[in-house]
Amino acid sequence: MTQIHKQSPIQDKQIAIIGAGPGGLTLARLLQMQGAKVKVFERDINQFARVQGATLNLNEGSGLSALRAAGLMGAFELAYRPGAEKMLFVDAQAAVIIDELGPESNDRPEIDRGPLRNLLLASLADDTVVWDARFSSLQRTDESVEITFENGDKFTADLVVAADGANSKIRPYITSLAPEYSGVTVLEGTVVDVKTAIPELYELLDGGKVCVLDDEKTLFIVLKGDGSVAFYTGHKADQHWSTECRIDFSDRDQVLTWFRREFKGWSDIWVELFRHASLPFIPRPQFCAPVHQSWPSLSNLTMLGDAAHVMPPYAGEGVNMAMQDALVLASQLLNPELDMHAAIAAYETEMRERNAETAAETLKFTKVFHSYEAVPFFREFFSGNQDVLLQKEGFREAA
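All letters in the sequence shown, in the order written, are residues 1 to 399 by UniProt numbering.
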């Protein structure tokens, strides 16, 4: 293992990363490669405690660049899913709207979230991740940060990096700026064996994804490598719809009744998703961090990924931004010309500027997907006219 430059900001420093998602694990790998002392604290009981989410696309210049720097492209090439980038666009009756992604799709190889997490975990020293460690609070001075976990355990670090996701408990220690509701709520479900349960849908997926666009609503269905599908409805709703609608999301009949009412007239093939889904369904109001956010950098506490810049999934950039954050933060922390405060400040400045542009585009896409313009927009989009369309009146101000 390479040794850290003796003048590096993190020479002889203990680093704690809160959260074992792709961003946090990528950072841990990049720092360990240079001999840094890193601990990752994760709330899951173990590596297999939760079903991991759907397929992710990784992009050149962000996710793939981070994996390349981490020396993990060989492992990625063994785990990614050729062909999974295919997406079929259909209407509510399953009639095909668009059946190709366009030439850029080859630059965005897909991997399931579980295998991505596994290959990152396998790259770390055996004792790096502390499982079943639920963050409770922290106290920081200029010299150190003391973390307290819900079980009463404490850990003292010279630097803490929040990689604890959209509902980060550490973000409020850094900034009072809160993510803002996008106007769209997702309902998530999983069907374990779609080939057996809904063979017609399995054939429609053809190894990839289906996006249903109709009536200002969306339904994304993603086939995973294990034969299951993850699916996500998207509809305009009040921010508190999921807690005020009086739907028991562990009651299949109640959720089916809601789907038939909210997605009235949609094909029975989509109803079958709800008939065969595992319980409970999971409502997810979609938030986006303020596009132009800023805060004074701290000397030993920072954040990356969704903790720093959560955004809706409708541009497919979340995991790429998190892994690029890790790459940029690692390079700054290993820069012998900076102290730790300066390294954090340099990283946060670049991260905010980069993600402001991505968040603005994501909000535009969120609005487009849930509009009556969705079908003509995406027909033009895959014809190469997306830059013009995104400047259309009504979408431009979404940013």
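Glycine included, every Cβ here is placed at the ideal spot set by N, Cα and C.
Item	Value
According to DSSP, what are the bridge partners of M303?	A162
Could you pull the start and end residues of the beta strand (DSSP E) that F231 belongs to?	V229 to K236
With 16 other CB atoms within 10 Å as the buried threshold, where does L279 fall?	exposed
With 16 as the cutoff for other CB atoms within 10 Å, does I170 come out buried or exposed?	buried
Just the Cα atoms here: how many angstroms apart are W241 and D193?	30 Å
Within 10 Å of its beta-carbon, does M73 have 16 or more other beta-carbons around it, so buried, or fewer, so exposed?	exposed
Does the distance from the C-beta atom of V90 to that of V212 stay below 8 Å?	yes
Buried or exposed: where does D315 fall if 16 or more other Cβ atoms within 10 Å of its Cβ makes it buried?	Here residue 315 is Ala; the residue named in the question, Asp, does not match the sequence. Classification for A315: buried.
How many angstroms separate the CA atom of E380 from the CA atom of E373?	11 Å
Where does P103 land, buried or exposed, given buried means 16+ other C-beta within 10 angstroms?	Bear in mind that the predicted position of P103 carries a pLDDT of just 43, short of 50, making it unreliable; the figure below should be weighed with that in mind. Flag for P103 reads exposed.
Looking only at its chain, what residues have a beta carbon closer than 8 Å to the beta carbon of K195, apart from the 5 residues adjacent to it on each side?	Y202 and G227
Are the CB atoms of L304 and A163 nearer to each other than 8 Å?	yes
State the start and end residues of the unbroken beta strand (DSSP E) segment that holds K217.	K217 to L223
Can you give me the C-alpha to C-alpha distance between P179 and S297, rounded to a whole angstrom?	18 Å
Measuring alpha carbon to alpha carbon, tell me which residue in R134, K154, S299 and K367 is nearest T141.	S299
Taking the beta strand (DSSP E) that N355 falls in, what are its first and last residues?	Premise fails: N355 lies in the alpha helix (DSSP H), M340 to F369, not in any beta strand (DSSP E).
Quick one: what does DSSP say G265 is sitting in, helix, strand or coil?	coil
Once DSSP output is grouped into helix, strand and coil, what is the label at P115?	helix
Suppose you measure from the CA of Q239 to the CA of M33; what does that come to, to the nearest Å?	43 Å
Any idea what DSSP makes of E143, helix, strand or coil?	coil
Can you tell me whether T128 is helix, strand or coil according to DSSP?	coil
Is DSSP giving P285 helix, strand or coil here?	strand
For the putative contact between A277 and V191, defined by C-beta atoms under 8 Å, what is the C-beta separation to the nearest angstrom?	5 Å
Going by DSSP, which residues form a beta bridge with Q14?	K37
Specify whether the region 359–366 and the region 35–48 touch according to this definition: at least 3 beta carbon pairs, one from each stretch, less than 8 Å apart.	no
As an exercise, report each continuous beta strand (DSSP E) stretch of at least 3 residues that is fully enclosed by the region 162–197, in chain order.	180–191
Is P290 near the ligand MN, with its Cβ less than 7 Å from a heavy atom?	Among the components of this structure there are no ligands whatsoever, and the ligand MN is therefore not found.
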